Each structure stands twice: as structure tokens, then as C-alpha cells.
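Quick mapping for you: the protein sequence lines, in order, are chains D and S.
All residue numbers for the first sequence refer to the working numbering, where the first residue is 794 and numbers rise by one.
All residue numbers for the second sequence refer to the working numbering, where the first residue is 88 and numbers rise by one.
For reference, the structure is listed below as C-alpha cells.
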Amino acid sequence: MSTLTAQKTSFAAVLWDYLTTVDHKKIGKLYLYGGAFFFLLGGLEAVIIRIQLIKPENDFISAGLYNEMITMHGTTMIFFAATPLLLGLMNAIMPLQIGARDVAFPFVNALGFWLFLFGGIMLNVSWLTGGAPDAGWTAYAPLSTTSPGHGVDYYVLGLQLSGAGTLMGGINFLVTIVNMRAPGMTFMRMPLFTWTTFITSVLILFAFPALTVGLFLLMFDRMFGSAFFDTALGGNSIIWQHLFWIFGHPEVYVLILPVFGVFSEIFATFSKKRLFGYTAMVFATILIGFLGFMVWAHHMFTVGMGPVTNSIFAIATMAIAVPTGIKIFNWLLTLWGGNITINSAMLWALAFIPSFTIGGMTGVMVASSVADYQYHDTYFVVAHFHYVIVGGVVFGILAACHYWWPIMFKRVLNEKLGKWAFWNFFIGFHMTFFIQHFLGLMGMPRRYWVFLENQGLDLGNLISSVGALFMSIGVIIFLYNAIYCWFKGDPAPQDPWDARTLEWAVDKSVPYYNFKQLPLVRGLDPLWIEKMEGNGKMTPAEPVGDIHMPHGSILPFLMTVGFFIASFGFIYQTVNDIAYIFLFGGMGLALGCMLVRSLKDDHGYHITKEELEKEAD
Amino acid sequence: MKGWMGKFKVLSLLGLVALFLAACGKENLTALDPKGVGAQKSLDLIIIPTVIMSFVFLVVMVLLVLALIKFRKKKGQKDFIPKQVEGNKTLEVVWTTIPIILLIIIAVPTVIYTFDLADDADASDHLNINVTGNQYWWHFDYEGLEIQTSQDVYIPVNSKVYFNMKSSDVIHSFWVPTLSGKLDVNPENENTFFLDAHEEGVYWGKCAEFCGPSHSLMDFKVVVVSQEEFEQWVADMQNFDPETAEPATDAAAQGRELFNENNCLGCHAIGSSAAAIGPNLTNFGERSRLAGIEEMTKEKLVEWIVNPELIKPGNKMTGKYPEVSQDDAALIAEYLLQLSPSEITTEDAGNGIEQ
């Protein structure tokens, strides 16, 4: 089976392989490709926004198109770039870190990816069918319920599809981490990235259902004539804000916690020291995850919830600064006394500390409700969350790419290009967003299509737009680096960073079954322990034996296509009865696939001991 | 001596911060140079956390830079394996406790101010203005005074004025940065807060909750005048009777005919009226801005009447009336621009900051 796939290299064969794959490493790559595509799309939208705001009363794009741009930029970046890029990294790395051969539910894993991808396509199809959603990525009712055209319908169904996919991913990781750790890999020996994946998955499990419910209500209001958010008919539009932020705030931690894990790995590896205060780091992560659910209404200080609610949520929000501070100081102390190598991965990680600290500072500032009456919905908040999401999440994803590229793509990224990309992006980032704190306080609300002349906002906006240019150059250099190394790079050596954790113990060819023999884990940083004791490699926990592997399947893809078709049916049944054909046809396909999956026994296959021994030669 | 130096340093630091903040932005728009109670309280709570957090940032930066200088890989130490430290309980306690203390310093005034600003027990003793947010204009109804205006709201200086706000369509947010922080204008419930300006002037207000294509064009003005001027303004507005007030010129009289013929009154009231489908035009001639944003000139007004869509995309006026020719629009403009019942205008607002 394995040798067969290796021999077929025609394009069609590769395509079929990826359409049917259930291998976590390939799915991880697919997530990365998909996420990168949407990241570029969202970036393009950001550039268009900054061009529109380069001078006062600019008419580069119309008001309606501008609103579509900001909506699509936010939605794309959060749901279709940041989240899937992180899910991709988790998929590619986490099972290796705990010494597993795959995730617990490989089939569901594939389904999760396809749902994400088709959700993203669904959302973007709206550009071609009469206008993208234009109610902001937060889609506040009643603006979203009354938005004309089908834009917001695409938003609802696109997010519903990808949200289901993300939920499946989260459940899958939870089960994987609980059940599939290698012998000796106790919870308190898990690498921080695995820990943050675990907590993130818990957050996904509890946060995404709130979004699903909100989207269902919105869908019924828009497509089936209900009035959950319609004040005139006894509904309440504030409910949407609560549901959205009960999801939306934990989502921020869904994004930031995994990169906290990434940085913990990188700081330890390149300082040649174990992570300072491992236990404190783990509990800080758990605490952040828990508090993340207690603070959603700080997005709503100006809604008029009253002083008691505002005070409670202000204090709860400030409390999150404590575990976050613990993390920052533990990272600094990890560096302290180490033997620090500064390369591209480390540059992103080091730049994260001041950038994210500023984001955290402004986080405490916006938590102060009375001050937030000024910050709220202005460029100050825009600056704040970009410091957290770009300075935190994007820096983290880029650091992780540099760090794990050898495992994921069997190449080491070019250092020189890596540094060029870093400096352009880093300078551009601070140029774009630092000044926006002041723009906000000088009276510029967010989501403004134009700002007027003579309001003292010209220079700040110009600087911000020029910064966006530098960020774009940085991204282009990084892409060039990735493509250059793909074609011209040398194969990566085994364990190029002299790292500490289990994923680096996998053979550099990264076989599809990961570990021929499951490794025996003897402590935190298991590979480092073996290196220090002069073994150089992991001790196996079992003799060479048959390995049980799952079969590939086209069903996840077909199922998703079914839901995708049905989504068009849902959207257009309001205007044309023909759409019911799509609705029932699509649902029929999806449910049919489920039926096949349920009734057809698939026990997978075994790689025999003999095959494994043959491959070793 | 040392204590005095410390105090001096803190004071001069605060002074510098204040100076820096004051230099930021347009005087009647910025939140950094407050002219009202709400904005002042917000600024206090902007400065306190900024100072505290800058201190934290400094500590982080010093540690980071020192670590990088001291512990960067040196040439002779390529293979040096540093001591594998597990952690340090004392340090963990220190960097848990100090942030908690710092946060309490921020949290206490936050809670006090939150309750202060939400206290509306004395609302009935003060002027109340009922605000309706609409796509994309503001309606102001002076409670008990039978005065309605749009876009420009006149209030007296050094006096609490309560705003009871509700939306007629989507959610808006009422924000006059220099006077106070913002409050959302929801379709389901009435939200109340007060403005208390301590300096006369014309302050820019903006809609701060995303409300559609012309969200960025939904500006309004708060005109703060002296107590006497305000009383005079109220009297003038109340005495104005659209039935008896004769247009100043022939052109304006023709404009009035056209205004009636085109059924503009179906949406726009002139004089006190409960109707609020479109902006009340009683004191249109005194407005500081056309449609909240454009310069108030006859040319612009003609442009607006002929096709408002070009100025405010997605507004609710477009297409609601028969086509108006340039010439007719010019006459209507003539009529509207002379609607000026009061001698008190934006120019009386003290420093009269315009633009």
C-alpha cells in the first residue's frame, strides 16, 4: 500500500491522494495551504482598506464596497486564516509531540478540513454573486438581519460550515491527547504546545456552539421569517451580541494560546534551557482558558448594561492580565542564563514579547470600562486587537513555520530571506498599528469609509498606510522564501535545531506511520534527556510489530460537497423554488455519505513487521 | 529629599504625558483634551493605566534586552549547555502579586467612576433631550420644550444635560469625544447618559457603531452656549411659527411653494412637530454643516436635493420624492437657507471652533 502510493507521482494521483487522505501530516499541510491562501486574500483586502484611508475623503472604493472589504477582511482573517493555520500546525505537530501515530479520529479530521475549506469558498463566492457580506465580521443585528442582498446569508452558511469543521477538530485533538500519548508521556510531561492545543480544544468545544446557535438564529431570521433579533416583533438584537461574544472572546484565546505554546517551545530550544516554570505555565494556560469565558461582555461596555455588569466584567477582564504576565516573565527567565541562538524563528519569538506586551497593556486599558467609553469602536481598539492578533498570533504562526518547516516540508527555510521578511514585517506592523492608538483617541471611529479633512487625522492615516506596504513586502519575501526552499533548498538534516521534544525524534523522512516503535518517554523534554544521557535517540517502548493504520476515504470530501450544495439551496430558497433541488440534493448527498460511512465496516489495515523491516533498509 | 525627588519625577512625567496628549488631534474632536465631565473621567482612567502599564513594559524590555546581551551565544561557547533551571517559587509569587496590586490600583477608580457616570438619579432636575438615531442622521427632541432639531444640538454650558437615546432602525452609538465617552443607541431600549460641558464651543459628534454605508458620514454637532444664550435660543425656537414666518426673499417664497408641492413636508417638519421621519428643518439655515459633514453652501445643498445619494450613500431620502430640477432645487435651497429663527448660532458658542 505504502510503496504503491510512493510510486504514483502523476498530478492526478497526488490530487487523489490529498482528496482522500486521513493522515494528520497531510491534513496539516492542507490546512496550511488553505489558511495561507485565505491569509493572502484577507491581506489583499487589508491593503485595499489602507489605500482607501491613505488620504481624507478618498474615493478609491465606494462606501458599500468598503463595508464589504472590512467585513471580509475580519471574517477571513479570524475564521479562515488564523484559525486554520493554527489547526494545521496542531495537526502536523501535536501527534508527533505526544508520540502518537495519528489523531484519534482520522476520518473526522479530514472532514473537519474539508468543511473549513468549503466554508471559506462559500463565503468568498459571495463576491461573484452580487456582493459580499457587509455587516462587519461581528454581524450585529439588526444591521445584519436587514442587510439587503444575499451577502450576510453567505456569511452565515460559510461560518456554519467551517465552524462545524473547527468543532470536529477540537474534539478530535481532545480525544487524541487524552488517549494516545506514548508510554511515559504523562500530562505533566507534555510539551507546552500540546498543552495549549489541549486547552484550545476545550475552548473550541465550549465556545463554538454559542456561535452555531447565534448563526442558526440569524439564519432563521433572514431565511425563514423568524424574529429572534427583530425588536418590532418582540425580539431582541442585543442577544446576538451576547451570543457572538460568548463565542468571540474565547475565540481570541483559541488563537493566542497555541502560539503561546509555540513560543514556549522556541524559547526553550534556542536558549538551550528547559522552559522556566513549566508547572506555572501550564496552570496559567488553564487559568487563561477559564477566565476567557468570563469576560465576553467587555466587548459591550457601551451597550448600556448598567454599572454593576460593567464593573464585574471590567475586573474579570483585568484578572486575565495576571496569568498572561506570569507567562511573559517565565519566558524572559527561560532566556535568562541560557545560551541564546538568534535565527529567524527566534526573531519572531523575541519580537513577540514587546509587541504582545503592548497588546496586553492596551488590553488592561480597554478593560477599564469608563476609559473604554472612549476607546470602544475606535481605532484604539483596532490597534489593540491587531497588536494581539498580528503581534501575537501572526508572529507566532511565522515563528512556528520557521521552526517546524524541517518536519513539515523537509527543508530548512533560508535564514537571510527569513530575516528580510522579519524586519520588513516587524517595522511595517508597528508603523501601521501604533499610530492607530492615537487616531482612535483623536476621534476616529473604526469602520469609517472616509475620514474628513481638517480633523487632524491625515498624517496618522498616511503613516499607517505606508506601514501596510512594508508588511506586504515582508509577506511577499516570506512566500518567496517558502517557494525558493521548496525547489532549491537542500533536504533538512535530522533535528537541525538540537531540539528537546519528541517531534524531533521522528526520522527526518517522516514516515506516514510516524514512529516505527512508540518511544518511551522518561520526563519532560524527552529527546533532550536521551541526548544528555548520550543515547542520542529515543528508547523504544515496544518491539517492532504490526502497525494498525486507517484507510483513506473520499467520503469526507463528498460529504462536504453535499453540505456546500445544500447551503446554496438554503440561501436561494427564499427567492426561487428551484433552489430546493439543491437543498434536498445536497443534504441527500451528505446524509447518504454518512449512511455509507456508518454501514460499511472499515477496519483499516496493518503494516506488517516484515514490511517495516524492509523499509528500514 | 529623595521622596521629594520621587514626587517631582512623577509629577513631571504626568505633566509631560498631559502635554503630549494635549498636542494630539483637533481641539473639538479629540478625547485627549476633555471639555466635559465624562471625557475628563475617561481621560483620568486612560492616564493611570498608561503610566502603570508603561512601567510594566519598561521592566519587560529591560529584562529582555539584558538577557539578549548577556546570554547570546558567544564565539567560544558553541556547545555550552546552560544549567537546566526548573523554575523559582519566590519569583513566581513576586510576578503574580505585583500585577495583582497594580490591577487593584486600576480597578478601584474604574468601579467608582463607572458608578458615578451611571448615576442618573437627578435626571428629572435637568434638561432632558430625547435622541433618536436614524440611518444616517440624529433627531433631538427637547423634552417639555416643544423644540426639535436635527444634527445640531444646543445645550447650556456648565449644566448636566441628559440624553435619552433610542434608535429607529439599526444600532448607532452617540459619541462626542471631547465631552464624553460613547453610549450605544439601541432599537430595543432607551439608554441614558449626560453631557456636562465646562467650556463653550461647537463639538464634533460621531456615530461609533457600524450602521451601514454612510456610517462614517453620520456626524453631528453639540453646540455649547452660555446659559443666557441657551435661554434666548429656546425662546426664539419656541416663538417661531412656520405659518406666519414669511420668507425673506421672493426666491425663498417660491422655494417654499416648491417645498410644499414636492411634498417635502411628508417627512421634514418645519417648526415644532412630533414627526421625525426625516430631519426637522426648523433652524436649517443655522446648521453648521450640510448633512452633518459637508460645508453649508447653496451649491452643495442643490447637489444634495437633486441627488443625495452622491453625498450620503444608502440614505433614506433618495428616491422618496419626484425628480427635482437644478433650478427648482436652487429655489428650495434659497428657502431652506433662510430658515433661521434664532439669533443664537454656532458662532455664539464661545470660541466658535468650527471645521
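For glycine and all other residues, C-beta sits at the position ideal for the given N, C-alpha and C.
Please read all numbers here as calculations on a predicted model, not as lab measurements.
- Cα atoms of residue 183/S and residue 172/S: separation of roughly 19 Å, rounded to the nearest angstrom.
- In the DSSP assignment, the residues bridged to residue 254/S are 220/S.
- Residue 1034/D is classed as buried because its beta carbon has at least 16 other beta carbons within 10 Å across all chains shown.
- With contacts defined as CB atoms closer than 7 Å, residue 865/D and residue 925/D qualify as a contacting pair.
- Unbroken beta strand (DSSP E) runs of no fewer than 3 residues, entirely contained in the segment 1134-1215 of chain D, are not found.
- For residue 1342/D, the enclosing beta strand (DSSP E) covers residues 1340-1342.
- The C-alpha of residue 261/S is placed about 13 Å away from the C-alpha of residue 274/S.
- At least one CB of chain D lies nearer than 7 Å to the CB of residue 278/S.
- As the crow flies, the alpha-carbon of residue 950/D is around 20 Å from that of residue 901/D.
- Minimum Cα-Cα distance from residue 1177/D among the listed residues 1154/D, 1161/D, 1198/D, 1197/D corresponds to 1154/D.
- Under DSSP, residue 281/S takes part in a beta bridge, and its partners are 249/S.
- According to the DSSP secondary-structure assignment, residue 215/S is paired through a beta bridge with 249/S.
- Annotation: the continuous alpha helix (DSSP H) that includes residue 325/S extends over 314-326.
- Taking the beta carbon of residue 113/S as reference, the chain D residues within 9 Å of it are 1235, 1236, 1247, 1248, 1249, 1250, listed in sequence order.
- Per DSSP, the unbroken alpha helix (DSSP H) holding residue 811/D starts and ends at 804-813.
- The beta carbon of residue 342/S sits closer than 6 Å to the beta carbons of 418, 419, 421, 422 from its chain, once the five residues preceding and following it are set aside; these are given in chain order.
- The shortest C-alpha to C-alpha distance from residue 186/S to any of 1309/D, 1122/D, 967/D, 1180/D is the one to 1122/D.
- Short of 8 Å from the beta carbon of residue 203/S, and not among the five residues preceding or following it, lie these beta carbons of its own chain, in chain order: 128.
- At the C-beta level, residue 1068/D and residue 992/D stay beyond 7 Å of one another.
- The beta-bridge partner set that DSSP reports for residue 294/S consists of 261/S.
- Listed along the chain, the chain S residues whose CB falls inside 7 Å of the CB of residue 929/D are 297.
- A residue is called buried when at least 16 other Cβ atoms come within 10 angstroms of its Cβ; residue 1279/D does not meet this threshold and is exposed.
- Collapsing the DSSP output to three states places residue 1311/D in coil.
- Rounded to whole angstroms, the gap between the alpha carbons of residue 1374/D and residue 272/S is 42 Å.
- Within the segment 234-249 of chain S, no residue has its Cβ closer than 8 Å to any Cβ of chain D.
- For residue 291/S, the residues of chain D that pass the 7 Å Cβ criterion are 1236, in the order they occur in the chain.
- In this structure, residue 1185/D sits away from residue 995/D, with a CB-CB distance that is not shorter than 7 Å.
- Going by DSSP, residue 239/S is part of the beta strand (DSSP E) stretching over 239-243.
- Taking a beta-carbon distance threshold of 7 Å, residue 1129/D counts as an interface residue toward chain S.
- Apart from the 5 residues on each side of it in sequence, residue 359/S sits with its Cβ closer than 7 Å to the Cβ of 233, 234, 235 in its chain, given in chain order.
- Fewer than three pairs of CB atoms, one per stretch, sit closer than 8 Å, so the segment 824-841 of chain D makes no contact with the segment 1236-1244 of chain D.
- Three or more Cβ pairs closer than 8 Å define a contact, and the segment 1241-1258 of chain D falls short of that threshold against the segment 1009-1020 of chain D.
- Remark: C-beta atoms of residue 984/D and residue 890/D approach each other more closely than 7 Å.
- Listed along chain S, the residues sitting closer than 8 Å to residue 1099/D by beta-carbon distance are 205.
- Residue contact check for residue 275/S against chain D: a CB pair falls below 7 Å.
- Under DSSP, residue 301/S forms no beta bridge with any residue.
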